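Following: one structure in structure tokens, then a few remarks.
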Amino acid sequence: MTLKRNKDVKNPNRKKMVVSNMKFAVYEDNKKVIDELIKAKNKKNEDDSKG
85 MTLKRNKDVK
95 NPNRKKMVVS
105 NMKFAVYEDN
115 KKVIDELIKA
125 KNKKNEDDSK
135 G
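Quick note: the sequence shown uses the numbering used here, first residue 85, plus one each step.
Next comes the structure, spelled out in structure tokens:
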């Protein structure tokens with residue numbers, strides 16, 4: 085009984101860690117995408133100003 089309870093106590097932390105890692109990975113991916121969008125936008129602005 086105590087063994088099961090200990091496992092239940094440990095697991096939520098592990099799950100939380102995995103979730104935060106996933107969130108971080110998603111954030112990193114989004115950052116890359118946003119950087120690409122900004123680069124593309126800047127490039128377009130440069131092209132427009134060149135005319």
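For each residue, glycine too, the CB sits at the ideal point set by N, CA and C. Quick caveat: nothing in here was measured; it's all calculated off a predicted structure.
ask   = Taking the C-alpha atoms as reference points, what is the distance between V103 and K116?
value = On the sequence shown, residue 103 is found 19 positions in, with the first residue counted as 1. On the sequence shown, residue 116 is found 32 positions in, with the first residue counted as 1. About 20 Å.
task = Return the CA-CA distance between E120 and Y111, expressed in angstroms with no decimal places.
result = Walking along the sequence shown from the start, residue 120 turns up at place 36. Walking along the sequence shown from the start, residue 111 turns up at place 27. Distance between the alpha carbons of E120 and Y111 is about 14 Å.
query = What's the gap between the Cα of M106 and the Cα of N114?
reply = The residue you call residue 106 lines up with position 22 of the sequence shown. The residue you call residue 114 lines up with position 30 of the sequence shown. Roughly 12 Å separates the two Cα atoms.
key: CA-to-CA distance, D132 to K123, given in whole angstroms   = Translated into the one-based positions of the sequence shown, residue 123 becomes position 39. Translated into the one-based positions of the sequence shown, residue 132 becomes position 48. In a straight line, the C-alpha of K123 is about 14 Å away from that of D132.
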